[in-house]
Amino acid sequence: MRIVWKYIVVCILSVNSGNIHAQLIEDLNAYVQKVRIALVDEFFARFNGTEMHPDLPLEKEGSRNKNLMILFNLSQFSSKQDPKFKEAEIMMQEVIRDSIHIHYSDSTWYAIAHCKGVLDGKSVNFDIYLNVQHRSANMYKWVINKVKGKIFDISPKKSNENIMLYPDDHETNFLSLRRMTSEQPSNIELFMSRDFNYDSTSAFCHLIFNKRLKIEYVDDLEFVFTQIPGYIFHVKYFERENSNAGWLISDFYKNDEKKQETDENKNLKQPDYSIQQMKAVYERRLKEKISQLGDYLSFIQKEDTLRVKSVYIPKLKSLFYDNAKVVIKDKDDYSNRSTTIEDFCNSLCNKLIKVNNVDSVMVPVWEEQLIDLKPTINRIMLPACKIACIASDNANSNIKINKSLLLPIYREDTEDGVEWLPLFGDIVVSAM
Amino acid sequence: MRINKDFIIAIIALFTFTSISSAQITNQDEMIKRRAAEKVAQMNDYISFMASKKKAYKNRKYYSEKALNLFIGRGYDYEENGINKKGVMMEITSIRKTSVSHKLVRDYFNNLINLNYSDVKITSTEIANIKVSNLQQISEDTYVCTCQYDQAFVGYRDGRPLYKDITTKRIKCYIKAEDTEDGTEYIIMLGDITALQTKKL
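Protein sequence lines, in the order shown, are assigned to chains W and C. Note that the numbering used here numbers the first sequence so that position 291 is 614, with each residue one more than the last. Note that the numbering used here numbers the second sequence so that position 181 is 187, with each residue one more than the last.
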């Protein structure tokens, strides 16, 4: 009896529901609801050809191409003669020819959430870049890869070499640190070590952790796909009452165009140098640095000017890792003594020693893993080896890698791509 | 000869079993997705009833409670992975405002019941046109998916439509697989709702 009563209630609900739908259903365009690409999953299905635009027959010749072309926001083309439309056709022909498919689990697509938030009570805008990350079995999750926005910018307002903590600030218990934060917080970057690389994503985490930054809502969302070789396309949601609506390709370009923009998500970025090239570049930079070491020592010993102290001594120090030691081999009494780089430089300035040769220097050894490092990692410790600097045919023929001694190499982004540069460890010099 | 025949039968049986299992998985996914869409349609029906001034206040309140029961935590605070979460949220857009606001679903329903119009008509996408995303597994026995639908709102005063809008909405659905004596049962609960864009009708 109870079941029958329930059935009657459900029937009444259905009839009532039908009446309301009948009254206003014309406001909800059923055709648009059907044809628009409502969900990103549907975009994937249409792109891969597992779902067709409802107006296109599945088997008819050319349907696949039309199905792909209608994935574009067609209002970006002025006509079929528009060069951009022609380029779109070429791109999609490649998709058909090479049977390119896109999948949710691909690591070659990412999301950019354009966020509205509140930082310390003020409205702010910023972008969050997200990637799909595999968890286990067939489980995935979205993860934040990086953030970008003016609110994370800490570029100093003034660029002045004299804005710094003074060399004797340690004598006043670094009283100047207080002044730094209260009087010129906007210049904080000028007070940092040259090896420091600011990371806005870490800043974002800290602001969120301390409840200073809150995300109000995602104002706009776009997806970037890099699965088509040589092309990148963006997908955004277009809300409109026609058959070209929903998640559509809002923009596309060749890989080398708008390079700056596509480099946003560096996890997806292909290295500009190949693995072999990167290694060769590293070895070239290493040789250059060894050559610089000789030059700086020579300048410092030849000239006794303020310029030596202010320019070449810091340059010489910058070649070395903080803990590096100098072993001085005295030619007169055949004794060896060890000192810090700092004391070595002071001795050079004060003409207490004269270096004849740099015998050897410890350098970090290149490893292939550097290619796969996350772009947020800017410095890494690697096993070291001793390089003989005295010219000799077999000086470096039997290099031994010391795995217990680690030396840093640091990342530098150049116009040509990522480069890794070494810092020297212990150095052996012959002196008089 | 007999061996060969058995072998062939075994191979056919193996292929049949394989294709049935994969078909079953696909059918099961489709069945769950259809049930998620039904749940969303049910919620939309309740929303229509609770907003309609032609129904008594007591009845509108009743439909609001029925609708809340469809949501995770029944619209109130709930715990997920040891984290206390506020009741299910609804993101609200309006053609009169440029910003987006958030309300607890239970507050949103309460507002719908008490709207200052002589009548309100809300209609939503028919069940056949509700789009459902693929199921994504988030734990051993729990899956999620998203349903998209449109909702048209008309507020009347003295029989004349005073305000009309249409909003595209997406709702998170939680699917929990529970083993019973009769096999696996899938319990579907609704979650947060996102409003995409509001257009004046």
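Idealized CB from N, CA, C, for every residue including glycine. Please read these numbers as outputs of a predicted model, since none were measured by experiment.
Between residue i and chain C, is any beta-carbon pair separated by less than 8 Å?
| i | result |
| --- | --- |
| residue 461(W) | yes |
| residue 362(W) | yes |
| residue 560(W) | yes |
| residue 433(W) | no |
| residue 348(W) | With a pLDDT of 47 at residue 348(W), under the threshold of 50, the predicted position of this residue should be treated as unreliable, and no value is reported. |
So with Cβ pairs under 8 Å, would you call residue i a contact of chain W?
| i | result |
| --- | --- |
| residue 144(C) | yes |
| residue 141(C) | no |
| residue 186(C) | no |
| residue 202(C) | yes |
| residue 97(C) | yes |
| residue 148(C) | no |
What does a CB cutoff of less than 7 Å around residue i pick up in its chain, not counting 5 residues either side in sequence?
| i | result |
| --- | --- |
| residue 664(W) | 640, 643, 647 and 649 |
| residue 577(W) | 553 and 554 |
| residue 379(W) | 386, 389 and 390 |
| residue 61(C) | 55 |
| residue 537(W) | 440 and 441 |
| residue 52(C) | 69, 72 and 73 |
Show which residues of chain W have a CB atom less than 9 Å away from the CB atom of residue i.
| i | result |
| --- | --- |
| residue 190(C) | Result: empty, since nearest Cβ-Cβ is about 17 Å, beyond 9 Å. |
| residue 86(C) | Per Cβ cutoff of 9 Å: no residues; residue 86(C) is ~14 Å from chain W at best. |
Since residue i meets chain C, which of its residues come closer than 7 Å, beta carbon to beta carbon?
| i | result |
| --- | --- |
| residue 365(W) | 137 |
| residue 356(W) | 131, 135 and 156 |
| residue 540(W) | 97 and 106 |
Quick one: measure Cβ to Cβ for residue i and residue j, integer angstroms, because I've assumed they're closer than 8 Å.
| i | j | result |
| --- | --- | --- |
| residue 153(C) | residue 57(C) | Not quite, the Cβ-Cβ distance comes to about 20 Å (not below 8 Å), so this is no contact. |
| residue 169(C) | residue 50(C) | Not confirmed; about 19 Å, so no contact. |
| residue 479(W) | residue 510(W) | 4 Å |
| residue 733(W) | residue 522(W) | Actually they are not in contact, since the Cβ atoms of residue 733(W) and residue 522(W) sit about 14 Å apart, beyond 8 Å. |
| residue 112(C) | residue 93(C) | 6 Å |
| residue 180(C) | residue 150(C) | 6 Å |
| residue 703(W) | residue 676(W) | Actually they are not in contact, since the Cβ atoms of residue 703(W) and residue 676(W) sit about 34 Å apart, beyond 8 Å. |
| residue 608(W) | residue 488(W) | With a Cβ gap of about 30 Å, residue 608(W) and residue 488(W) do not count as contacting. |
| residue 437(W) | residue 450(W) | 6 Å |
| residue 367(W) | residue 425(W) | 6 Å |
What do you get for residue i, buried or exposed, if any count of 16 or more other CB atoms within 10 angstroms of its CB means buried?
| i | result |
| --- | --- |
| residue 396(W) | buried |
| residue 330(W) | For residue 330(W), the predicted structure reports a pLDDT of 39, less than 50, and the residue's modelled location is therefore unreliable. A value from the coordinates is still provided. By the 10 Å Cβ count, residue 330(W) comes out exposed. |
| residue 34(C) | exposed |
| residue 88(C) | exposed |
| residue 749(W) | buried |
| residue 174(C) | buried |
| residue 382(W) | exposed |
| residue 476(W) | exposed |
| residue 189(C) | exposed |
| residue 605(W) | buried |
| residue 633(W) | exposed |
| residue 747(W) | buried |
| residue 96(C) | buried |
| residue 134(C) | exposed |
| residue 47(C) | buried |
Determine, for residue i, whether the minimum Cβ-Cβ distance to residues of chain D falls below 8 Å.
| i | result |
| --- | --- |
| residue 106(C) | Of the protein chains in this structure, namely W and C, none is chain D. |
Quick one: residues in its chain with C-beta nearer than 8 Å to the C-beta of residue i, no 5 flanking neighbours on either side, listed in chain order?
| i | result |
| --- | --- |
| residue 399(W) | 407, 573 and 574 |
| residue 465(W) | 434, 453, 454, 455 and 456 |
| residue 83(C) | 90, 91, 92 and 93 |
| residue 164(C) | 124 |
| residue 615(W) | 638 and 642 |
Determine the chain C residues that contact residue i at a beta-carbon separation under 9 Å, and present them in chain order.
| i | result |
| --- | --- |
| residue 353(W) | 131, 132, 134 and 135 |
Would the C-beta of residue i count as close to the ligand NAD, meaning under 7 Å from any of its heavy atoms?
| i | result |
| --- | --- |
| residue 555(W) | Because no ligand of any kind appears in the structure shown, any question about the ligand NAD cannot be addressed here. |
Please list, in chain order, the chain W residues whose beta carbon lies closer than 7 Å to that of residue i.
| i | result |
| --- | --- |
| residue 174(C) | 562 |
For residue i, which residues from the same chain have a beta carbon less than 6 Å from its beta carbon, with the 5 sequence-adjacent residues on both sides left out?
| i | result |
| --- | --- |
| residue 376(W) | 390 and 393 |
| residue 844(W) | Nothing can be reported for residue 844(W): it is not among the residues displayed for chain W, which extend from 324 to 755. |
| residue 130(C) | 50, 155 and 157 |
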